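Protein chains in written order, with the numbering used here: chain A, 1 to 231; chain B, 232 to 462. Where a beta carbon is used, it is the ideal one built from N, C-alpha and C, also for glycine. This structure is a prediction, so every number in the text was calculated from the model and none was measured.
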DNA sequence: TTTCGTCAGTAACATATGTTACATAATCGA
DNA sequence: TCGATTATGTAACATATGTTACTGACGAAA
């Protein structure tokens, strides 16, 4: 393990930090990286957290696992990024979700005390940590509201309107879906056939038209009505 | 508005702060308190946050409001306490939930920059803020998991087993429910008749026996099986 | 006591989503 | 190109919960 593999300068948390400090941290972390093959579990739910987990490279996602095989994907990460910032300082810090590698991942841990030192020394780090935890809290609260009060149809509508649609020459709007139906279903927290059925119905009613990874927006106002209905 | 009404020394966030600093903050905040009558809205969802909201006295609760009349109570606060710590430093800080006064409330706001200063000066404040945000994130994640993967019956079982039961002379365990059925239903995020029905069924099956605000645990192992089934 | 309003239980029905199974289409490797 | 695997659409049925409406119990006010 040589130090060049550790490059934390691209992580938003350390964006405004003096280079000297970055170097010091990097040197300390050198040789403590861990790797994880694609598809494997980086951390299960409940794993105690000793420090801040940095995803140096590779992609991963966080998922909530139910009693049965059902899962819900909560968030996706592309390295380099800091993971689970918010939980690190909770009374008994542990991963609230399972963390799965989507591609080969390299990770490293910054000890908690070290991070606190940095936050006190550098206002930018302090603000970055707090901004990050705030962002994730907002995300979870929104997610909770959507899961509780929005129908699957509404969640689909929200998703589509968040994917910036492109307009072709004929003036019709369409989006390109970057996920399989199973992945979409996991993101929405429903079973795959339920998603297919609902997309089918929305097609029957002339709201959208789905063909593979392309979804065309037929009735934009109907779509917007669905979105406003749950915000 | 005289300063004695502002007493922030009981707020966990400032627990370990030197008295001199406490006094300084208190003096600054004097005269800027706001009051809110019972049942009224302290802050709607989406209200921009300028600073940290301190609930000096009174009780309040946070609720997520759906498109229809449905609501879900997310958290309850008893003053003095700090509210929505986590959101304050998000990119565009705003209340992710609605905040409702349960009894007459007095609140005051600590400007964000002031709080950042304190966090940098006093490690205890820094740790308290981070611990608080972490705690709430964990809470939301757990809540999300329960709402997504646990049936109403399981959520009832979790609730009951979290209410420390008392054992009477005959050895039977019972709990005292401090909420009306409507309040319980709101906490579970379901309609009141659905809750009644499920409690009734659990009674039929000999798991619990509910009589008004008293719930007796008949079959503790069945209850525990429900709880383990969703963790 | 009577009356009125609130709370809680219940039943009938409506709806959303899960579950299972199957057929077809798409993709990929040999 | 072929066969195998995987992804997707679809249908029939099961289940959980929402919705509405009614009833009785209880407590406060007249």
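Rounding to the nearest angstrom, what Cα-Cα distance links residue i and residue j in this structure?
{"i": "residue 234 of chain B", "j": "residue 285 of chain B", "result": "Residue placement at residue 234 of chain B is flagged as unreliable, the pLDDT there being 41, under the threshold of 50; the coordinate-derived value follows with that caveat. So the two alpha carbons sit approximately 15 Å from each other."}
{"i": "residue 232 of chain B", "j": "residue 289 of chain B", "result": "Any reading at residue 232 of chain B must be qualified, since the residue scores a pLDDT of 42, below 50, and its modelled position is unreliable; the value itself is stated next. Going from the Cα of residue 232 of chain B to the Cα of residue 289 of chain B covers about 17 Å."}
{"i": "residue 387 of chain B", "j": "residue 48 of chain A", "result": "28 Å"}
{"i": "residue 227 of chain A", "j": "residue 152 of chain A", "result": "11 Å"}
{"i": "residue 306 of chain B", "j": "residue 323 of chain B", "result": "22 Å"}
{"i": "residue 462 of chain B", "j": "residue 303 of chain B", "result": "21 Å"}
{"i": "residue 313 of chain B", "j": "residue 354 of chain B", "result": "18 Å"}
{"i": "residue 419 of chain B", "j": "residue 23 of chain A", "result": "49 Å"}
{"i": "residue 423 of chain B", "j": "residue 413 of chain B", "result": "6 Å"}
{"i": "residue 16 of chain A", "j": "residue 247 of chain B", "result": "30 Å"}
{"i": "residue 135 of chain A", "j": "residue 358 of chain B", "result": "19 Å"}
{"i": "residue 416 of chain B", "j": "residue 428 of chain B", "result": "11 Å"}
{"i": "residue 21 of chain A", "j": "residue 10 of chain A", "result": "14 Å"}
{"i": "residue 225 of chain A", "j": "residue 205 of chain A", "result": "14 Å"}
{"i": "residue 348 of chain B", "j": "residue 409 of chain B", "result": "40 Å"}
{"i": "residue 402 of chain B", "j": "residue 450 of chain B", "result": "13 Å"}
{"i": "residue 356 of chain B", "j": "residue 125 of chain A", "result": "16 Å"}
{"i": "residue 145 of chain A", "j": "residue 378 of chain B", "result": "10 Å"}
{"i": "residue 121 of chain A", "j": "residue 352 of chain B", "result": "10 Å"}
{"i": "residue 8 of chain A", "j": "residue 194 of chain A", "result": "42 Å"}
{"i": "residue 201 of chain A", "j": "residue 392 of chain B", "result": "42 Å"}
{"i": "residue 28 of chain A", "j": "residue 259 of chain B", "result": "43 Å"}
Out of the options, point me to the one whose CA is closest to residue i's CA.
{"i": "residue 217 of chain A", "options": "A:15, A:163 and A:138", "result": "A:163"}
{"i": "residue 390 of chain B", "options": "B:276, B:402, B:374 and B:400", "result": "B:374"}
{"i": "residue 318 of chain B", "options": "B:338, B:363, B:307 and B:385", "result": "B:363"}
{"i": "residue 106 of chain A", "options": "A:6, A:146 and A:230", "result": "A:6"}
{"i": "residue 445 of chain B", "options": "B:454, B:424, B:419 and B:411", "result": "B:411"}
{"i": "residue 154 of chain A", "options": "A:222, A:186 and A:37", "result": "A:222"}
{"i": "residue 94 of chain A", "options": "B:352, B:239, B:325 and B:370", "result": "B:370"}
Please confirm whether residue i and residue j have their CB atoms less than 8 Å apart.
{"i": "residue 141 of chain A", "j": "residue 249 of chain B", "result": "no"}
{"i": "residue 33 of chain A", "j": "residue 52 of chain A", "result": "no"}
{"i": "residue 26 of chain A", "j": "residue 368 of chain B", "result": "no"}
Could you pull out every residue in the same chain whose Cβ sits closer than 8 Å to the Cβ of residue i, ignoring the five residues on either side in sequence?
{"i": "residue 50 of chain A", "result": "109, 111 and 112"}
{"i": "residue 129 of chain A", "result": "13, 85, 115 and 119"}
{"i": "residue 270 of chain B", "result": "331, 332 and 333"}
CB-CB under 6 Å to residue i, same chain, minus the five flanking residues each way: which ones, in chain order?
{"i": "residue 89 of chain A", "result": "none"}
{"i": "residue 275 of chain B", "result": "329"}
{"i": "residue 62 of chain A", "result": "74, 75, 97 and 99"}
{"i": "residue 36 of chain A", "result": "42, 101 and 105"}
{"i": "residue 80 of chain A", "result": "10, 11 and 56"}
{"i": "residue 169 of chain A", "result": "none"}
{"i": "residue 212 of chain A", "result": "none"}
Quick one: does the C-beta of residue i sit closer than 7 Å to a heavy atom of the ligand HEM?
{"i": "residue 335 of chain B", "result": "The model depicted lacks the ligand HEM and carries no ligand whatsoever."}
Ignore the nearest five residues each way along the sequence and tell me which others in residue i's own chain have a CB closer than 7 Å to its CB.
{"i": "residue 441 of chain B", "result": "430 and 434"}
{"i": "residue 165 of chain A", "result": "173, 174, 175 and 217"}
{"i": "residue 291 of chain B", "result": "273, 308, 330, 331, 332, 333 and 336"}
{"i": "residue 296 of chain B", "result": "276, 302 and 329"}
{"i": "residue 190 of chain A", "result": "152"}
{"i": "residue 380 of chain B", "result": "461"}
{"i": "residue 438 of chain B", "result": "449, 450, 453 and 454"}
{"i": "residue 167 of chain A", "result": "173"}
Which ranges would you report for the beta strand (DSSP E) in the segment 118 to 156 of chain A if only whole runs of at least 3 residues count? none
Ignoring anything shorter than 3 residues or poking outside the segment 261 to 349 of chain B, list the beta strand (DSSP E) runs there in chain order. 265 to 267, 272 to 274, 282 to 288, 290 to 296, 302 to 309, 312 to 314, 329 to 332 and 336 to 342
Enumerate, from N- to C-terminal direction, the unbroken alpha helix (DSSP H) stretches of 4 or more residues contained entirely within the segment 153 to 226 of chain A. 181 to 188 and 192 to 204
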